[in-house]
Amino acid sequence: MSDSTQKVAIVTGGSQGIGAGLVDGYRQRGWAVVANSLTIKPSKDPDVLTIQGDVSKQATADQIVGQALDRFGRVDTLVNNAGVFVSKPFTDYTAADYALVTGVNLAGFFWLTQRAIGQMLRQGSGHVVNISASVADHADIAEPTALAALTKGGLAAVTRSLAAEYASRGIRVNAVAPGIIQTPLHPAESYTPAALAGKLPPLGHVGQVSDIVDGILYLESAPFVTGEVLHIDGGRTAGH
Ligand SMILES: NC(=O)c1ccc[n+]([C@@H]2O[C@H](COP(=O)([O-])OP(=O)(O)OC[C@H]3O[C@@H](n4cnc5c(N)ncnc54)[C@H](OP(=O)(O)O)[C@@H]3O)[C@@H](O)[C@H]2O)c1
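Per the working numbering, the very first residue in the sequence shown carries number 25; after that it's consecutive.
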């Protein structure tokens, strides 16, 4: 076990994209990190514990929190970052699409957050950050996103619900709602000027992983902020 004063963050979906940026961001602040994803590889950094597994399963949630406690002794922050995105006309979604998206985006949040908050209650403090999406507030007729709206809108709502439920016990719950961020979630060709024509937000460009990491680290250092859904979307939710 490490120095018990070292803070510990759990980051799901930590193998690439925003999650990998978060692993680096928390490490740069001196935190230990437990990073999960389906395919994540072991880390050479002794303060990064990686755990492969499907976050939609309760057994994975048990493993993540159990191993975090065995290795580092505490859980200060959980970032529910793992997520999947399937865009189709609403009537084309299959049972497999529904199971995948609700499994990762909602069950993945649900089981792990229950267990993490259980530990935070024992410690008397903690912080949960959910990754929502700006499409939950601002639909775009060019790209149908009903399953993203359903799941990411649910995460925004439950952020406020849990923030109120646990505020008196020292636990804050916040969310960030990214707009279009350049990550491996979308194929590289979807970030070309031609592909982005008509899709850019008011600031005129897509966001980078660092924009989201900076927002989450801001929430980490903001003890009077809870129940907030921080839009990091170049002004997309504000309008166009
Ligand atoms: N990029 C955007 O424009 C954008 C916009 C709005 C919201 N978001 C949200 O931001 C978050 C991060 O997105 P990203 O762009 O960084 O995506 P990404 O590059 O596709 O990374 C997704 C991560 O989730 C992990 N993952 C997928 N299914 C999993 C499962 N069943 N169990 C555990 N881990 C699983 C992946 O693991 P493996 O690598 O092992 O498969 C990967 O580490 C997601 O919640 C996404 O919905 C992104």
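Cβ atoms here follow ideal geometry from the backbone N, Cα and C, with glycine treated the same way. Remember, predicted model here, so these are calculated numbers, not experimental data.
| Check | Outcome |
| --- | --- |
| Straight-line Cα distance separating valine 125 from leucine 171 | 7 Å |
| Sufficient close CB pairs (3 or more, under 8 Å) joining the stretch 98-106 to the stretch 150-164 | yes |
| First through last residue of the alpha helix (DSSP H) which encompasses proline 217 | 217-220 |
| Glutamine 138, enclosing alpha helix (DSSP H) - first and last residue | 132-147 |
| In DSSP terms, what proline 202 is bridged to | Ile256 |
| Simplified DSSP assignment, three categories, for asparagine 129 | helix |
| Buried versus exposed, by CB contacts within 10 Å (16 or more), alanine 212 | exposed |
| Stretch pair the stretch 235-253 + the stretch 39-52: three plus CB contacts closer than 8 Å | yes |
| Threonine 250 classed as buried or exposed, judged by whether at least 16 other C-beta atoms fall within 10 angstroms | buried |
| Nearest-angstrom beta carbon gap, alanine 166 and alanine 173 [assumed within contact, 8 Å] | With a Cβ gap of about 14 Å, alanine 173 and alanine 166 do not count as contacting. |
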